[in-house]
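The opening residue of the sequence shown carries number 48 in this note's numbering; numbering runs sequentially from there.
Even for Gly, the Cβ is constructed at its ideal location relative to N, Cα and C.
A quick note: this is a predicted structure, and the numbers were derived from the prediction, not measured.
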Amino acid sequence: MTYELSLAPAARADIIDTLDWSVKNFGDLVREGYEALIVAAFDLIRDDPTVLGSRERADLAVGLRTLHLRACRNHVSPAVRRISSPRHFVVYRKVGEVVQVVRLLHDAMNLPEQHFD
48 MTYELSLAPA ARADIIDTLD WSVKNFGDLV REGYEALIVA AFDLIRDDPT VLGSRERADL
108 AVGLRTLHLR ACRNHVSPAV RRISSPRHFV VYRKVGEVVQ VVRLLHDAMN LPEQHFD
């Protein structure tokens, strides 16, 4: 079963900020590679919200899970620049037949201080 994917406004803003930062600091090729990682993560969690590499995060909120982008590197086309050390993870939950992406966060952030509405 493939689930519908829904992006919260905060997740959309996180994605835009992450890709903007990538292009400003590393250029278009890195931004394209990071975007491909994000898309791969979304494809993986749409196909299986409990995909290998994801973690249940009940310590943050009921039903919340995370998937680090490093777990998605082998799911990106070899034609796209490989990001050797991605630093973000997708924060999401499954609600019925929908996977709700609530945030895309840097792995150095203090998660308990973030909002996951």
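Taking CB distances under 8 Å as the criterion, tell me whether residue i reaches chain D.
{"i": "Leu-111", "result": "Annotation note: the requested chain D is absent from the structure, which comprises a single protein chain."}
Would residue i pass as a contact of residue j if the rule is Cβ separation under 8 Å?
{"i": "Arg-112", "j": "Arg-104", "result": "yes"}
{"i": "Tyr-81", "j": "Thr-65", "result": "yes"}
{"i": "Asp-61", "j": "Leu-151", "result": "yes"}
With DSSP as the reference, label residue i as helix, strand or coil.
{"i": "Ser-53", "result": "strand"}
{"i": "Glu-82", "result": "helix"}
{"i": "Arg-104", "result": "coil"}
{"i": "Leu-99", "result": "coil"}
{"i": "Val-138", "result": "strand"}
{"i": "Val-148", "result": "strand"}
{"i": "Arg-112", "result": "strand"}
{"i": "Ala-87", "result": "helix"}
Measure from the alpha carbon of residue i to the alpha carbon of each residue in the options, then state which is nearest.
{"i": "Ile-130", "options": "Leu-84, Asp-67, Leu-52", "result": "Leu-84"}
{"i": "Leu-91", "options": "Glu-51, Arg-134, Glu-79", "result": "Glu-51"}
{"i": "Ser-132", "options": "Cys-119, Val-70, Gly-74", "result": "Cys-119"}
{"i": "Leu-107", "options": "Ala-126, Pro-125, Tyr-139, Leu-54", "result": "Tyr-139"}
Pull up the DSSP beta-bridge partners for residue i, would you.
{"i": "His-153", "result": "His-135"}
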